[in-house]
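Engineer:
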Amino acid sequence: MDQAEDIILKHPTVFLLWSILIPFVGFLAGWLIKKILFTRKIGDARKKADGLITDARKEAEIIKKQAEIEVKDIILKTKSDLEKESNQRRIELTAIEKRLLSKEELLEKKYSSLDKRENDYRSKEAKLDLSQKELDYLKNDVKKQMEQQKIQLLSVARLSEDEAKKQVFRVLEQELESERASFVRKYEAETKQISDKKARNIIVLSIQRQALEQVQDHSTKTVPIPNDEMKGRIIGRDGRNIRAFEQACGVDLIVDDTPDSILISCFDPVRRHIAKIALEKLLTDGRIHPVRIEELVEKARKETAASIKEAGETAIAEAGLSSFSPELIKLLGQLQFRTSYGQPQLKHSIEVAHLSGTMAAELGADIKLAKRAGILHDIGKAVTHEIEGSHAMIGADLCKKYGESPDVEHAIRAHHHDVEPRTVYAYLVDAADAISGGRPGARSKTEAMYIQRLEQLEEICLSFKGVQRSYAIQAGRDVRVLVDPHKISDEQAVLMARDITKRIEQEMQFPGQIKVSVIRELRAVEYAQ
Numbered sequence: 016m017d018q019a020e021d022i023i024l025k026h027p028t029v030f031l032l033w034s035i036l037i038p039f040v041g042f043l044a045g046w047l048i049k050k051i052l053f054t055r056k057i058g059d060a061r062k063k064a065d066g067l068i069t070d071a072r073k074e075a076e077i078i079k080k081q082a083e084i085e086v087k088d089i090i091l092k093t094k095s096d097l098e099k100e101s102n103q104r105r106i107e108l109t110a111i112e113k114r115l116l117s118k119e120e121l122l123e124k125k126y127s128s129l130d131k132r133e134n135d136y137r138s139k140e141a142k143l144d145l146s147q148k149e150l151d152y153l154k155n156d157v158k159k160q161m162e163q164q165k166i167q168l169l170s171v172a173r174l175s176e177d178e179a180k181k182q183v184f185r186v187l188e189q190e191l192e193s194e195r196a197s198f199v200r201k202y203e204a205e206t207k208q209i210s211d212k213k214a215r216n217i218i219v220l221s222i223q224r225q226a227l228e229q230v231q232d233h234s235t236k237t238v239p240i241p242n243d244e245m246k247g248r249i250i251g252r253d254g255r256n257i258r259a260f261e262q263a264c265g266v267d268l269i270v271d272d273t274p275d276s277i278l279i280s281c282f283d284p285v286r287r288h289i290a291k292i293a294l295e296k297l298l299t300d301g302r303i304h305p306v307r308i309e310e311l312v313e314k315a316r317k318e319t320a321a322s323i324k325e326a327g328e329t330a331i332a333e334a335g336l337s338s339f340s341p342e343l344i345k346l347l348g349q350l351q352f353r354t355s356y357g358q359p360q361l362k363h364s365i366e367v368a369h370l371s372g373t374m375a376a377e378l379g380a381d382i383k384l385a386k387r388a389g390i391l392h393d394i395g396k397a398v399t400h401e402i403e404g405s406h407a408m409i410g411a412d413l414c415k416k417y418g419e420s421p422d423v424e425h426a427i428r429a430h431h432h433d434v435e436p437r438t439v440y441a442y443l444v445d446a447a448d449a450i451s452g453g454r455p456g457a458r459s460k461t462e463a464m465y466i467q468r469l470e471q472l473e474e475i476c477l478s479f480k481g482v483q484r485s486y487a488i489q490a491g492r493d494v495r496v497l498v499d500p501h502k503i504s505d506e507q508a509v510l511m512a513r514d515i516t517k518r519i520e521q522e523m524q525f526p527g528q529i530k531v532s533v534i535r536e537l538r539a540v541e542y543a544q
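So for the sequence shown, the working numbering puts the first residue at 16; every next one is plus one.
1) Please classify aspartate 499: does DSSP put it in a helix, a strand, or coil?
2) Please report how far the alpha carbon of isoleucine 308 lies from the alpha carbon of lysine 201, in whole angstroms.
3) State the start and end residues of the unbroken beta strand (DSSP E) segment that holds threonine 237.
4) Over the uninterrupted alpha helix (DSSP H) stretch that includes glycine 252, give me the two end residues.
5) What's the C-alpha gap between lysine 291 and isoleucine 344?
6) Buried or exposed: where does glycine 45 fall if 16 or more other Cβ atoms within 10 Å of its Cβ makes it buried?
7) Helix, strand or coil for isoleucine 303? Go by DSSP, reduced to three states.
8) Where does the unbroken alpha helix (DSSP H) through serine 280 begin, and where does it stop?
9) With DSSP collapsed to three states, give me the class of arginine 458.
10) Roughly how many angstroms lie between the CA atoms of aspartate 70 and leucine 91, to the nearest whole one?
11) Assign tyrosine 542 to one of three DSSP states: helix, strand, or coil.
12) Is alanine 407 near aspartate 448, with beta carbons less than 7 Å apart?
13) Nearest CA to the CA of aspartate 493: which residue from Lys530, Val482, Pro500 and Asp514?
14) Assuming aspartate 412 and threonine 438 are in contact, meaning their beta carbons sit under 8 Å apart, how far apart are those beta carbons, in whole angstroms?
15) For a minimum of 4 consecutive residues, which ranges assigned as the alpha helix (DSSP H) are wholly contained in the region 316 to 363?
16) Taking 8 Å as the threshold, find out whether the region 243 to 260 comes into contact with the region 315 to 332 through three or more Cβ pairs.
17) Would you check if there are 3 or more beta carbon pairs closer than 8 Å linking the region 327 to 338 to the region 310 to 319?
18) When the Cα atoms are used, what is the spatial distance from glutamate 162 to glutamate 149?
19) When we look at the beta-carbon of glutamine 351 and count the other beta-carbons within 10 Å, is it buried (16 or more) or exposed?
20) Which one or two residues does DSSP pair with arginine 513 in a beta bridge?
21) For a cutoff of 7 Å on Cβ pairs, would you count glycine 58 as touching chain B?
22) Go to arginine 535, then tell me how far its beta strand (DSSP E) extends in each direction, as first and last residue.
23) Bridge partners for alanine 487 per DSSP, in chain order?
24) With 16 as the cutoff for other CB atoms within 10 Å, does glutamate 140 come out buried or exposed?
25) Helix, strand or coil, according to DSSP, for valine 482 in the structure here?
26) State the DSSP-derived secondary structure class of isoleucine 269, mapped to helix, strand or coil.
27) Is threonine 109 helix, strand or coil when you go by DSSP?
28) Quick one: is isoleucine 534 buried, meaning 16 or more other Cβ sit within 10 Å of its Cβ, or exposed?
29) Am I right that valine 395 and glycine 410 are in contact with their C-beta atoms under 8 Å? What's the rounded C-beta distance?
30) Can you give me the C-alpha to C-alpha distance between glutamate 506 and glutamine 471, rounded to a whole angstrom?
31) When DSSP labels each residue in this structure, what does histidine 4 get in the three-state scheme?
32) Are the Cβ atoms of aspartate 275 and isoleucine 240 separated by less than 7 Å?
33) Using a 10 Å radius around the Cβ and a threshold of 16 neighbouring Cβ atoms, would you call threonine 354 buried or exposed?
34) Just mark aspartate 232 as buried or exposed, buried being the case when its beta carbon has 16 or more other beta carbons within 10 Å.
35) With distance defined between alpha-carbon atoms, name the residue in Val509, Leu384, Lys317 and Glu419 nearest to leucine 443.
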């Protein structure tokens, strides 16, 4: 240590150089060491990179080989598919070729047949030309003969042409005069018949609204009793039982000499039905006195009200409708006790509803609205014995009162033309009402008689010469006669219509009138080629 200090003190320059060289040498040694280590790392990295590249190349080769294999598979598959498709196309083309060949053969046959037809038409045309020339010659000959006959007739009759025409017209006027008189008599008879029918209808409606003994079929019901002793019990002491019954039910009890039966008379069918039920219950119960009578009448009234409501609801359900006022349901149910010309009124209303809905569906109108108007169209008949007026107007007022739509109200009001129809539903209800009431069997007319009358009408028309077909339509009120235009001329068609009319009047009995239409149609057909 002391020597080192001596050297430093003696040689300061050397010490300075050593102090500089030592760090430099240390730095240089460290740099060399680092470079060697870095070079080794680079070598290792290059070796790894070479290894990775080699591996990558091997994998690439494998992938390439796999891809080549897949491409070959795809090519083979595509080639197979193309071959199949080409085979299928070849088969289709072969089939199309066969069809084309067959069509070509057919066309050739048609062309040959057309050539034959053309030749036939030409030969026929030549024959027609000859026939036409012959007809022209015959027409001229007939004209000459008619002129000669005309001159001879005028010379024989010693009349001029104008005088002969006047005489013919005079005869025709006399015939027309007699025919006009027959038409007048005919229309007078029809008018009388219609007025008699309307008068009878008015009388029947009046009878239905009043409890008169002369119309038992419309206003009475018969109740059988076990024995005549029961009549005395029903009458009671001093007639108190029968008076109590009549007062409670609002009917008349007719106890006469008719054995084993009592007659209930009343213009109101509902009250008549209640009285019948109450009287049957009294006869079954056996206890007949005023208090018991009032109890059973009240019970019968409740049962009838329930049955009326049930009938109304059933009718609405059968028509496929809903949401009606309870009062309208009750009135609709009361129609089960009403008939019109023997036709049950409630069934008629349901039928009109179905018909209206069917026609509305065909026209694209509101089916529910049409059915609603149809089932309610005769609702006024449930109260016509209580309210004066037309049942159509009464029914429309009731529907308006209970919240029905204006279209329904108007259809009901107009279905008998009390007002002018202005909606499609009014016309539909009017038509459905006519169909339901006018169909065979609806109103005490047998279908056999109806069909027999139509057959007889068509047979009369077919019995005339030159008639091809005849059709009776509009329930036998219109008959259309189709004639052969080559046998019947326009003038002959007019005379035939008159002859058919006279024959129908002589051989048939029918209500109203029958329209006879003789139709002559000539069709000329040619083909442009």
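Even glycine gets a Cβ: it sits at the ideal position worked out from N, Cα and C.
Structural biologist: Inspection of the coordinates gives the following:
1) coil
2) 59 Å
3) 235 to 239
4) With the sequence shown as reference, residue 252 is identified as arginine, and glycine is not the correct amino acid for it. Premise fails: arginine 252 is in no alpha helix (DSSP H) and is neither H nor E.
5) 23 Å
6) The residue is exposed, with fewer than 16 neighbouring Cβ atoms inside 10 Å.
7) coil
8) Serine 280 -> not in any alpha helix (DSSP H); beta strand (DSSP E) instead, spanning 276 to 280.
9) Note that arginine 458 scores 49 on pLDDT, short of 50, meaning its location in the model is unreliable and no value can be drawn from it.
10) 31 Å
11) coil
12) no
13) Looking from the CA of aspartate 493, the closest CA among Lys530, Val482, Pro500 and Asp514 belongs to Lys530.
14) Approximately 18 Å separates the beta-carbon atoms of aspartate 412 and threonine 438; this is outside 8 Å, ruling out the contact.
15) 341 to 349
16) no
17) no
18) 20 Å
19) Glutamine 351 comes out buried.
20) Answer is none; arginine 513 lacks a bridge partner.
21) Absence of chain B from the displayed structure is noted, only one protein chain being present.
22) 530 to 535
23) Val494
24) exposed
25) strand
26) strand
27) helix
28) exposed
29) The sequence given here has glycine at residue 395, not valine. Their Cβ separation, rounded to whole angstroms, is 3 Å, which keeps glycine 395 and glycine 410 in contact under 8 Å.
30) 26 Å
31) No statement about residue 4 is possible, as the shown extent of the chain runs from 16 to 544 and does not include it.
32) yes
33) buried
34) Low confidence applies to aspartate 232: its pLDDT is 45, below 50, so where it sits in the model is not reliable, and the reading given next is rough at best. Classification of aspartate 232: exposed, given that the 10 Å Cβ count is below 16.
35) Leu384
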